[in-house]
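For reference, the structure is listed below as structure tokens.
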Amino acid sequence: MISIIPNRTLVTGNIQALWPSEDKADFCVLELIPSSLDAVDSFVNLLDGQEPGLLHIQIARQVQEQYHLQAGMKIACQVRKAPGKLFVIPDSIEVE
Numbered sequence: 000m001i002s003i004i005p006n007r008t009l010v011t012g013n014i015q016a017l018w019p020s021e022d023k024a025d026f027c028v029l030e031l032i033p034s035s036l037d038a039v040d041s042f043v044n045l046l047d048g049q050e051p052g053l054l055h056i057q058i059a060r061q062v063q064e065q066y067h068l069q070a071g072m073k074i075a076c077q078v079r080k081a082p083g084k085l086f087v088i089p090d091s092i093e094v095e
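Residues in the sequence shown are numbered consecutively from 0, following numbering that gives the first Met the number 0.
Structure (structure tokens):
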């Protein structure tokens, strides 16, 4: 049985690429090189100690279109880790 741990991490970094999710309808995969992975309030930070490198984060296509996200943009957003995937918290996005 999988135990769900409420978790969030504030991820800041540069978007490298976006493409449609192969297994989640109406989602895209955001490929990002993080410059920081910070704790959020009282949530557990499951990305603490993560090795540097690319992150692949699921984002709803509607949210991606709302913010006009594309490769080359700098983004800050909260993510939550689910088994095998990261997901953007939609109302936490800031872009430069």
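Virtual Cβ for every residue (Gly too), placed ideally from N, Cα, C.
If we count the other Cβ atoms within 10 Å of its Cβ and call it buried at 16 or more, is P33 buried or exposed?
-> It is buried - the Cβ of P33 has at least 16 other Cβ atoms within 10 Å.
With burial defined as no fewer than 16 other Cβ atoms inside 10 Å of the residue's Cβ, what is the status of G52: buried or exposed?
-> Classification for G52: exposed.
V62 to G12 span [Cα, whole Å] = Going by C-alpha positions, V62 is about 18 Å away from G12.
Consult DSSP for R7 and reduce its assignment to one of helix, strand or coil.
-> The DSSP-derived three-state label of R7 is coil.
Rounded C-alpha distance that separates T79 from I92 | As written in the sequence, residue 79 is Arg, which differs from the Thr given in the question. Those two C-alpha atoms are separated by around 13 Å.
Whose C-beta lies closer than 7 Å to the C-beta of L9 among residues of the same chain, with five residues either side of it excluded?
-> Excluding residues within five positions, the ones whose Cβ falls inside 7 Å are D37, V39, A75 and Q77.
What's the C-alpha gap between L17 and E95?
-> The alpha-carbon separation between L17 and E95 amounts to approximately 17 Å.
Smallest Cα separation from S41: which of I56, R7 and L68?
-> Among I56, R7 and L68, the Cα nearest to that of S41 belongs to R7.
Just the Cα atoms here: how many angstroms apart are L68 and I1?
-> If you draw a straight line from the Cα of L68 to the Cα of I1, it is about 33 Å long.
Closest to Q57 by CA distance: which of M72, A81, I3 and L45 is it?
-> Taking Q57 as reference, the option from M72, A81, I3 and L45 with the minimal CA-CA separation is A81.
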